[in-house]
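First comes the structure, then the notes that go with it.
Protein chains: 2
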Amino acid sequence: MNKRPTINDVARLAGVSKRTVSRVINGASNVGKATRERIDEVIKETGFSPDKQARGLAASRSFLIGLIYDNPDALYIDQVQRGVLSVCSEKGYELVVHPCNYNTDDFISNCIQFVSRSRIDGVIILPPVSEAKELAEALREKQINYVRMASVDLDDHSNIVVSDDRAALRDLARYMVSLGHRDIGIISGPQRYYSSKERLEGFLETLNELHVEVPVDRIIEGKNSYESGIECARTLLIQSPRVKAIFANNDEMAAGVLKVAHEMGITVPDELSVAGFDDNLLAARVIPALTTVQRPVGDMAALAARKIIAQIEGTEVSETETYLVKPHLIIRDSIKRV
Amino acid sequence: MNKRPTINDVARLAGVSKRTVSRVINGASNVGKATRERIDEVIKETGFSPDKQARGLAASRSFLIGLIYDNPDALYIDQVQRGVLSVCSEKGYELVVHPCNYNTDDFISNCIQFVSRSRIDGVIILPPVSEAKELAEALREKQINYVRMASVDLDDHSNIVVSDDRAALRDLARYMVSLGHRDIGIISGPQRYYSSKERLEGFLETLNELHVEVPVDRIIEGKNSYESGIECARTLLIQSPRVKAIFANNDEMAAGVLKVAHEMGITVPDELSVAGFDDNLLAARVIPALTTVQRPVGDMAALAARKIIAQIEGTEVSETETYLVKPHLIIRDSIKRV
DNA sequence: TTGTAGGCGTTATCAA
DNA sequence: TTGATAACGCCTACAA
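From first to last, the protein sequence lines stand for chains A and B.
Using the working numbering, read the first sequence as starting at 1 and increasing by one per residue.
Using the working numbering, read the second sequence as starting at 339 and increasing by one per residue.
This is the structure:
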């Protein structure tokens with residue numbers, strides 16, 4: 001019921017100055033062993049923990065990490081949040097979320113304000129916002145720590161964690177071809193996003209190597225939404241009825257393909273194979289369950305958290321060298337041998 | 339590129355003391371009109387905004403609102419976060435997320451610590467954690483502001499926002515019966531949760547009024563997961579093959595029912611009708627699209643945010659009287675007339 | 001190795 | 001209506 005103990009209480013109880021207590025709190029090396037032990041004990045007894053507000057005010061830090069995103073995929077965001085938090089809480093940071101509007105004009109200043117208003121120590125940026133060069137530049141100019149999560153290596157390795165979507169799609173292409181598929185259609189993502197381009201290129205690249213042609217009219221650009229998936233699937237299936245396998249840029253759109261196939265009386269996977277990307281909640285639930293690609297989102301997020309904290313605390317972890325993770329194929333029921 | 343202006347800069351430029359500037363910032367009434375205008379102008383010119391850290395240190399506030407939950411439903415959480423943020427950002431608060439582990443022993447002290455470490459001004463608690471009486475008591479005892487989101491009216495109305503799940507299930511029952519259903523099975527949620535009990539009771543209540551009996555062996559308690567839905571559906575469908583309609587406590591389990599029906603060669607909705615709850619992402623994607631119940635989650639969350647801010651700032655909004663919102667039926671393709 | 005003094009940017013007390 | 005002055009709890013030069 002009493003107030004929280006302060007550094008002064010600890011200092012008084014331990015019979016030292018608060019400066020010394022401060023040293024102990026911050027793990028400074030120049031403290032006598034006996035003194036340190038005495039102080040540690042008092043801290044334990046009193047349950048003292050430094051006040052973040054005061055600490056922040058004095059040191060210009062907040063122990064707050066921001067998460068910036070404009071992504072409709074709630075599941076992805078949830079995984080990221082949990083991944084980041086697993087690291088944060090252990091290091092004494094809290095996570096402040098900031099969904100934003102990538103398309104508005106003031107989106108950059110909005111993000112900058114978010115950071116400076118609350119003195120956020122650093123931000124983690126999710127795709128597709130993370131692809132915005134302007135935001136990264138603005139952040140850098142303002143000396144704000146940031147780490148981007150992306151599908152392309154477009155920044156210094158201490159500022160980014162990338163998933164190798166391209167490699168994953170090469171695997172998928174090989175898998176499809178190995179099952180005999182030759183008549184392949186694609187519902188790509190918006191080509192203004194690197195992630196979409198990477199996936200498309202990785203897929204086509206390997207298909208070409210394996211001498212499988214995909215005529216341009218079998219590649220349709222979707223918008224990553226379920227509705228868009230439905231629309232594109234209709235177009236594709238009517239326009240190119242010979243297509244026997246479709247890769248959709250994400251599971252949402254793949255679910256749309258399933259829907260259209262059902263409407264048109266096409267059986268999946270017997271008459272049409274379908275692949276998605278994300279391993280969304282949907283993927284396993286849908287009938288037939290989707291063969292798709294899973295990114296280790298939680299791990300990537302945790303890595304991003306470690307990087308941002310390393311930046312903040314100036315402790316360049318060796319691990320900072322790691323920045324590339326590879327997604328892997330999840331094989332379920334939506335692709336069949338022909 | 340210069341540092342942010344401080345209250346001192348403003349005071350100097352306006353030729354007043356910082357105390358007066360402080361009054362203007364905080365909207366105190368006892369400031370001369372001319373003085374106020376001058377100060378307002380300087381604030382605008384300099385782009386000054388008060389530092390939250392310093393402000394918090396002085397006033398014992400952080401302008402941080404915490405979100406406590408232990409809920410696997412990422413979509414629900416995402417909707418809540420957006421709803422809360424829409425209010426927060428406008429009132430100058432930030433949202434700090436705190437997923438926790440309802441089942442661990444230290445879960446309460448963990449939450450309390452979370453709040454006190456960062457001086458969180460108030461917390462919003464989501465179900466099912468929000469049902470924990472002990473947590474609410476601990477919070478109250480520590481004088482921590484909180485608002486619970488729940489399905490039952492189990493707290494003071496300024497501390498809770500409840501969705502009337504019971505009423506929604508009465509509607510569902512009437513709807514099913516109106517379509518001729520008499521052979522109804524139920525996959526309920528864990529009965530240790532109020533929300534699950536409310537739904538089950540509301541459903542049975544109205545069924546009884548309409549003289550539709552549900553034998554006890556047609557009511558199976560599930561765990562709200564997809565897997566659990568599959569398991570329960572198998573049991574139910576094998577044990578009571580005459581069942582022609584199933585209500586599942588959430589969409590995840592309803593998706594499980596669909597899966598099992600497909601496995602067993604039972605056509606939905608022709609031979610079996612299915613209803614869910616949540617209007618999950620799945621609901622519209624699955625085939626057939628699920629008839630389900632939608633809670634206005636975003637609105638509830640925004641309301642909760644307004645309540646918590648009212649508590650923090652001591653401004654009891656009249657709106658605080660509102661606390662009950664009613665979910666509504668979303669009719670899709672999974673229930674058919676018999 | 002330890003302590004003293006001053007400052008971080010704001011709000012609160014009390015007088016004028 | 002205003003303004004000195006002291007908190008708030010911690011960190012950081014600079015000394016000892």
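From the three backbone atoms N, C-alpha and C, an ideal C-beta is built for every residue, glycine too.
This structure is a prediction, so every number in the text was calculated from the model and none was measured.
Worksheet item: When DSSP labels each residue in this structure, what does R148/A get in the three-state scheme?
Response: Secondary structure at R148/A: strand, using DSSP grouped into helix, strand and coil.
Practice prompt. Report buried or exposed for D278/A, applying the criterion of at least 16 other Cβ atoms within 10 angstroms of its Cβ.
Written response: Label assigned to D278/A: buried.
Worksheet item: Grouping DSSP H, G and I as helix and E and B as strand, with all else coil, what is M1/A?
Response: With a pLDDT of 39 at M1/A, under the threshold of 50, the modelled position of that residue is not reliable, and the figure given next carries that caveat. DSSP places M1/A in coil when its eight states are reduced to three.
Worksheet item: Given that G394/B touches chain A, what residues does it touch there, using C-beta distances under 7 Å?
Response: Q53
Discussion item. With a threshold of 8 Å, are at least 3 pairs of Cβ atoms found where one atom belongs to the stretch 511-519 of chain B and the other to the stretch 487-498 of chain B?
Written reply: no
Discussion item. Is there a Cβ of chain B sitting closer than 7 Å to that of A138/A, yes or no?
Written reply: no
Practice prompt. State the Cα-Cα distance for the pair A586/B and S116/A, rounded to the nearest angstrom.
Written response: 47 Å
Worksheet item: Given that I7/A touches chain B, what residues does it touch there, using C-beta distances under 7 Å?
Response: Those within 7 Å of I7/A in chain B number zero; the least Cβ separation is about 13 Å.
Discussion item. 7 Å is my cut-off, CB to CB: does A74/A come that close to chain B?
Written reply: yes
Discussion item. I'd like the ranges of any alpha helix (DSSP H) spanning at least 4 consecutive residues and lying wholly in the stretch 92-178 of chain A.
Written reply: 107-117, 133-141 and 165-178
Item to complete: Give the straight-line distance between the Cα atoms of D106/A and A138/A, rounded to the nearest whole angstrom.
Response: 12 Å
Fill in: Contact between the stretch 34-54 of chain A and the stretch 10-17 of chain A (3+ Cβ pairs under 8 Å)
yes
Worksheet item: beta strand (DSSP E) containing T630/B: first to last residue?
Response: Looking at the DSSP string, the run of the beta strand (DSSP E) that includes T630/B is T630 to Q632.
Item to complete: Drop a sphere of 10 angstroms on the beta-carbon of Q649/B, count the other beta-carbons inside from all chains shown, and report buried for 16 or more, exposed for fewer.
Response: buried
Worksheet item: Are the CB atoms of L628/B and A599/B nearer to each other than 7 Å?
Response: For L628/B and A599/B, no; Cβs fall outside 7 Å.
Worksheet item: Leaving out the 5 sequence neighbours to the left and right, which residues in its chain are closer than 7 Å to M1/A when beta-carbon positions are compared?
Response: In this prediction, M1/A scores a pLDDT of 39, lower than 50, which makes its location untrustworthy; the coordinate-derived value is nonetheless stated afterwards. Correct list: empty, nothing qualifies.
Discussion item. By alpha-carbon positions, which one of I482/B, L596/B, T442/B and A470/B ends up nearest to I450/B?
Written reply: I482/B
Discussion item. Does G298/A come out as helix, strand or coil in the three-state DSSP assignment?
Written reply: Residue state, collapsed to three classes: helix.
Discussion item. Just checking: is the beta-carbon of D78/A within a distance shorter than 7 Å of some beta-carbon in chain B?
Written reply: Under the Cβ distance rule, D78/A counts among the residues neighbouring chain B, one pair being separated by less than 7 Å.
Fill in: Contact between the stretch 93-100 of chain A and the stretch 364-372 of chain B (3+ Cβ pairs under 8 Å)
no
Worksheet entry | Option nearest Y193/A by Cα separation, candidates D78/A, E131/A, S334/A and T235/A | E131/A
Worksheet item: Hey, G636/B and Q417/B are a contact pair by Cβ (cut 8 Å); roughly how many whole angstroms apart?
Response: 5 Å
Worksheet item: Using a C-beta cutoff of 7 Å, does A593/B count as contacting chain A?
Response: yes
Worksheet entry | Inside the stretch 213-299 of chain A only - beta strand (DSSP E) runs reaching at least 3 residues | 219-221, 245-248, 273-275 and 292-294
Practice prompt. Verify whether the separation of the beta carbon atoms of D589/B and L620/B is less than 7 Å.
Written response: yes
Worksheet item: Does H600/B have its Cβ less than 7 Å from a Cβ in chain A?
Response: yes
Worksheet item: For R332/A, which residues of its own chain have a beta-carbon under 6 Å away from its beta-carbon, when the five flanking residues on both sides are left out?
Response: A289, L290 and T291
Item to complete: Would you list the one or two residues that DSSP bridges to L64/A?
Response: E94/A
Discussion item. Let me check one thing: in DSSP terms, what residues is L329/A bridge-paired to?
Written reply: Looking at the DSSP assignment, L329/A forms a beta bridge with V293/A.
Discussion item. Could you check whether the Cβ of N588/B sits closer than 7 Å to any Cβ belonging to chain A?
Written reply: no
Worksheet item: By the criterion of Cβ-Cβ separation under 8 Å, what are the contact partners of P99/A in chain B?
Response: Within chain B, the residues near P99/A are Q419, R420 and L423.
Worksheet item: By the criterion of Cβ-Cβ separation under 8 Å, what are the contact partners of Y564/B in chain A?
Response: A284 and R285
Worksheet item: Does the Cβ of K91/A have 16 or more other Cβ atoms within 10 Å, making it buried, or fewer, making it exposed?
Response: The residue is exposed, with fewer than 16 neighbouring Cβ atoms inside 10 Å.
Practice prompt. Report the neighbours of D382/B on chain A: residues whose CB is nearer than 9 Å to its CB, in chain order.
Written response: Per the sequence presented here, residue 382/B reads as Lys, with Asp not at that position. Simply none; closest approach about 15 Å.
Discussion item. Could you check whether the Cβ of V612/B sits closer than 7 Å to any Cβ belonging to chain A?
Written reply: Not an interface residue.
Fill in: Reference N339/A, options P72/A, G265/A and P269/A, closest by Cα
Here chain A covers residues 1 to 338 and nothing more, so residue 339/A does not appear.
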